[in-house]
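All remarks here apply to the structure that follows.
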Amino acid sequence: MNDASKADIRQVADVPPPTPETLERVRRHRRHTLELLTVCAVGLVPWTVLLAVTLPSGYEVHQWRTTWVGFDVLLVLAMAATALLGWRRHRGVIVAAIFSAALLICDAWFDVSLAFGTSDVWSAAALAVFAELPLAGYLIHRVMAMISLARWPNVEAGTRLTQ
């Protein structure tokens, strides 16, 4: 273990336990976030059914080039941010990496689904299977490894310590 790692461990060990007010705020924020996500997930079900029933199977698209170039610019920016934050060892790399992975998965989905019925479907599928999805999976795997190394406050343990 190098000196920097030892210093990081000492710094983490010096963190005081959270106050009861902090623990309550964390619980409240967690509950509100989970309630919001639950409502959104439930609300998306009828919306998705409505789209499945009412959307046409074909549609003439305007600004096709702008849409795809814009999406790819966004993907480049997300990957560049991930690389920059990673090189700087900034914890924001987690958000940037998840964002990059989500964009890669979306890119694979749209490339393949929009190429159905054309000769481009095979190249789109190959790009998805051999490049986009593996890179997305790798980024998610690395983020999960970084998160597992983080020291997260244990709300229940903190409550017992302060009582």
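Taking our numbering, I'd label the letters of the sequence shown as residues -13 to 149.
Cβ atoms here follow ideal geometry from the backbone N, Cα and C, with glycine treated the same way.
These numbers were taken from a predicted model, which means no experiment stands behind them.
Go ahead and label T53 buried or exposed: buried means 16 or more other beta carbons lie within 10 angstroms of its beta carbon, across all protein chains shown. T53 sits exposed, since fewer than 16 C-beta atoms from the chains shown fall within 10 Å of its C-beta.
Leaving aside the five residues before and after A83 along the sequence, list all residues of the same chain whose C-beta is less than 6 Å from its C-beta, in chain order. T68, L125 and V129
Counting pairs of beta carbons, one from the segment 107 to 118 and one from the segment 72 to 81, are three or more of them closer than 8 Å? Contact between the segment 107 to 118 and the segment 72 to 81 is not established, with fewer than three Cβ pairs separated by less than 8 Å.
If we require 4 or more residues per run, which alpha helix (DSSP H) segments fall completely within the segment 27 to 80? 50 to 73
Give me the Cα-Cα distance between D58 and E21, rounded to the nearest whole angstrom. So the alpha carbons of these two residues sit roughly 33 Å apart.
Separation of R17 from E118, as counted between CA atoms: 34 Å
Taking the alpha helix (DSSP H) that S109 belongs to, which residues open and close that run? Membership of S109 in the alpha helix (DSSP H) is indicated by the continuous run V107 to L113.
For A104, which of helix, strand or coil comes out of DSSP? The question names Ala, but residue 104 is Thr in the sequence shown. Coil at T104, not helix or strand.
Quick one: using the 10 Å Cβ neighbour count with 16 as the cut-off for buried, is L135 buried or exposed? exposed
Mind checking L41: buried by the 16 CB within 10 Å criterion, or exposed? With fewer than 16 other Cβ atoms within 10 Å, it is exposed.
How would you call S150, buried or exposed, if buried means at least 16 neighbouring beta carbons within 10 angstroms? This structure gives no information on residue 150, because the portion of the chain shown stretches from -13 to 149.
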